[in-house]
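S.K.:
Residue numbers (this note's numbering): 18 to 347.
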């Protein structure tokens, strides 16, 4: 993914590519999301859209914009590895926001992954501080988005596909409004007067969106953004978190290899050592999730989010006259 985004970074504005990618991805996920809503007997309310606006802002406008800029200024393999550490930040935010307990495996994985990050970043000898900082910030804010999305899912009683699809749609709509604002004369003039802001003035929307780039846009929007997230959530539903989280286990190892083969990106010793350390942290997380999944199945217990959702449904049923009703029983 990062390699393709890097390859087309000189043909599309990073913000433009972000907008196109998540608009298409949202459209791909929308039929699945609507099917899930219909099956659950749920209808979207105004307050639901407020939650989607928040998650869309965090995911698309903040995290993915930082991610796209990180790819422009940094090495694709490095950014891929750094971004794969977003579950580490999610653990921290889950502890701070949702007050979730960190088990032993999570704590060990957290420490190991941070060590791996420090080895890759190598603060004593930063060669590309802009790309590295943007990559870490994108991972950090995506971890925050993940927890806010989980909170919204529990609050509104939506599953992962529904939350993600409407997050993409809402975020793309918000980003589109911001892109239009960059064409307002006094705003674009102000941006052009500041050297580092020039790239954000008069952001194009449809420039280079043609048959020549159809394959790239199809791969980025449909295959990776839409299809990738859809398969991720399907894997989670069928086989649990541990299997779905394999994507964060494979990516740090696969991205540098593909970068070396396709764009001849050289891997430094700190980079290779850091990748190995992060992979060890991922293995610890994978084993911990696998054990948790087995214990959950053996006990026959219902996962905490589902329990919370069930409570929300029951409360809505009792408060049937409330304007904030979430679920309608048919």
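Even for Gly, the Cβ is constructed at its ideal location relative to N, Cα and C.
1. How far does the alpha helix (DSSP H) with residue 124 in it extend, from its first residue to its last?
2. Between the alpha carbons of residue 237 and residue 284, how many angstroms are there, rounded?
3. The alpha helix (DSSP H) that contains residue 166, what's its start and end?
4. Can residue 72 and residue 32 be called in contact, C-beta distance under 8 Å?
5. Looking at C-alpha atoms only, which residue of 245, 234 and 297 is the closest neighbour of residue 34?
6. Can you tell me the Cα-Cα spacing of residue 141 and residue 311, whole angstroms?
7. In its own chain, which residues sit with a C-beta less than 7 Å from the C-beta of residue 162, not counting the 5 before and 5 after it?
8. Comparing the C-beta of residue 222 with each C-beta of chain D, is any distance below 8 Å?
9. Answer yes or no: do residue 46 and residue 243 have a C-beta to C-beta separation smaller than 8 Å?
10. By alpha-carbon positions, which one of 210, 155, 58 and 124 ends up nearest to residue 100?
11. Please classify residue 106 as buried or exposed, where buried requires at least 16 other C-beta atoms within 10 Å of its C-beta.
12. Could you check what DSSP says for residue 21 in three-state terms: helix, strand or coil?
13. How many Å lie between residue 170 and residue 49 at the Cα?
14. Considering just the uninterrupted stretch of the alpha helix (DSSP H) at residue 103, what are its terminal residues?
15. Indicate the three-state DSSP secondary structure (helix, strand or coil) for residue 143 in the structure shown.
16. Please report how far the alpha carbon of residue 296 lies from the alpha carbon of residue 202, in whole angstroms.
17. Measuring only the C-alpha atoms, how far is residue 300 from residue 130?
18. Taking the alpha-carbon of residue 103 as reference, which of 84, 247 and 271 has the nearest alpha-carbon?
19. In or out: residue 328 buried (at least 16 other Cβ within 10 Å) or exposed?
20. Can you find at least 3 beta carbon pairs, one from the stretch 183-202 and one from the stretch 107-114, that sit closer than 8 Å?
21. Can you tell me where the alpha helix (DSSP H) holding residue 224 begins and where it ends?
22. Classify residue 311 as helix, strand or coil using the three-state DSSP reduction.
23. In whole angstroms, what separates the C-alpha of residue 176 from that of residue 53?
24. Check for me: the alpha helix (DSSP H) holding residue 180 runs from which residue to which?
25. What three-state label does DSSP hand residue 277 in the structure shown?
26. Can you list, in chain order, the residues of its chain with a C-beta nearer than 6 Å to that of residue 166? Leave out the 5 residues immediately preceding and following it.
27. For residue 293, tell me which candidate among 271, 178, 279 and 275 has the shortest Cα-Cα distance.
28. Are residue 20 and residue 276 touching if we call contact CB-CB under 8 Å?
M.R.: By the coordinates alone:
1. As a working mapping, residue 124 is identified with position 107 in the chain shown. Here the alpha helix (DSSP H) through residue 124 covers 121-138.
2. Residue mapping note: residue 237 aligns to position 220 of the chain shown, counting from 1. Residue mapping note: residue 284 aligns to position 267 of the chain shown, counting from 1. Residue 237 and residue 284 have their C-alpha atoms spaced approximately 25 Å apart.
3. Taking the first residue of the chain shown as 1, we reach residue 166 at position 149. In the DSSP assignment, residue 166 falls within the alpha helix (DSSP H) that extends over 146-173.
4. By 1-based counting over the chain shown, the position of residue 72 is 55. By 1-based counting over the chain shown, the position of residue 32 is 15. It is not a contact, given that the beta carbons lie outside the stated cut-off.
5. Residue mapping note: residue 34 aligns to position 17 of the chain shown, counting from 1. Of 245, 234 and 297, the residue nearest in Cα terms is 234.
6. The sequence position of residue 141 within the chain shown is 124, counting from 1. The sequence position of residue 311 within the chain shown is 294, counting from 1. Going from the Cα of residue 141 to the Cα of residue 311 covers about 43 Å.
7. Indexing the chain shown from 1 puts residue 162 at position 145. Cβ within range, chain order: 72, 75, 76 and 80.
8. Among the protein chains of the structure shown there is no chain D, as only one such chain exists.
9. For this step, residue 46 is matched to residue 29 along the chain shown. For this step, residue 243 is matched to residue 226 along the chain shown. The Cβ atoms of residue 46 and residue 243 lie closer than 8 Å to each other.
10. For the purposes of this step, residue 100 is taken as residue 83 along the chain shown, with counting starting at 1. Nearest C-alpha to residue 100: 155.
11. For this step, residue 106 is matched to residue 89 along the chain shown. It counts as buried.
12. Taking the first residue of the chain shown as position 1, residue 21 is located at position 4. In the structure shown, the three-state DSSP call for residue 21 is helix.
13. For the purposes of this step, residue 170 is identified with residue 153 of the chain shown, where counting begins at 1. For the purposes of this step, residue 49 is identified with residue 32 of the chain shown, where counting begins at 1. Straight across, the Cα-Cα distance linking residue 170 with residue 49 is about 16 Å.
14. Locating residue 103 in the chain shown gives position 86, counting from the first residue. Note, residue 103: alpha helix (DSSP H), 103-114.
15. Along the chain shown, one-based indexing puts residue 143 at 126. When secondary structure is reduced to three states using DSSP, residue 143 falls in the coil class, being assigned neither helix nor strand.
16. For the purposes of this step, residue 296 is identified with residue 279 of the chain shown, where counting begins at 1. For the purposes of this step, residue 202 is identified with residue 185 of the chain shown, where counting begins at 1. Annotation: residue 296 to residue 202 spans about 49 Å, alpha carbon to alpha carbon.
17. Working through the chain shown from its first residue, we reach residue 300 at position 283. Working through the chain shown from its first residue, we reach residue 130 at position 113. Answer to the nearest angstrom: the Cα atoms are 11 Å apart.
18. On the chain shown, position 86 is the one that residue 103 refers to. Nearest C-alpha to residue 103: 84.
19. Taking the first residue of the chain shown as position 1, residue 328 is located at position 311. Note that residue 328 has pLDDT 39, beneath the 50 cutoff, so the model's placement of it is unreliable and the number below is only indicative. Burial call: exposed.
20. Contact between the stretch 183-202 and the stretch 107-114 is not established, with fewer than three Cβ pairs separated by less than 8 Å.
21. Translated into the one-based positions of the chain shown, residue 224 becomes position 207. Taken as a continuous stretch (DSSP letters only), residue 224 belongs to no alpha helix (DSSP H), as it is neither H nor E.
22. Residue 311 sits at position 294 when you count from the first residue of the chain shown. Helix, per DSSP.
23. Along the chain shown, one-based indexing puts residue 176 at 159. Along the chain shown, one-based indexing puts residue 53 at 36. Using only the alpha carbons, I get a separation of about 8 Å.
24. As a position in the chain shown, residue 180 is number 163, starting the count at 1. It spans 177-198 - the alpha helix (DSSP H) in which residue 180 sits, taken as one unbroken run.
25. Locating residue 277 in the chain shown gives position 260, counting from the first residue. Of the three classes helix, strand and coil, the one that applies to residue 277 here is helix, per DSSP.
26. The residue labelled residue 166 in the question sits at position 149 within the chain shown. Non-local beta-carbon contacts of residue 166 in its own chain, meaning distances under 6 Å to residues more than five positions away in sequence, involve 72 and 180 in chain order.
27. For the purposes of this step, residue 293 is identified with residue 276 of the chain shown, where counting begins at 1. Minimum Cα distance to residue 293 is reached at 271.
28. Residue 20 sits at position 3 when you count from the first residue of the chain shown. Residue 276 sits at position 259 when you count from the first residue of the chain shown. The answer is yes: Cβ separation under 8 Å.
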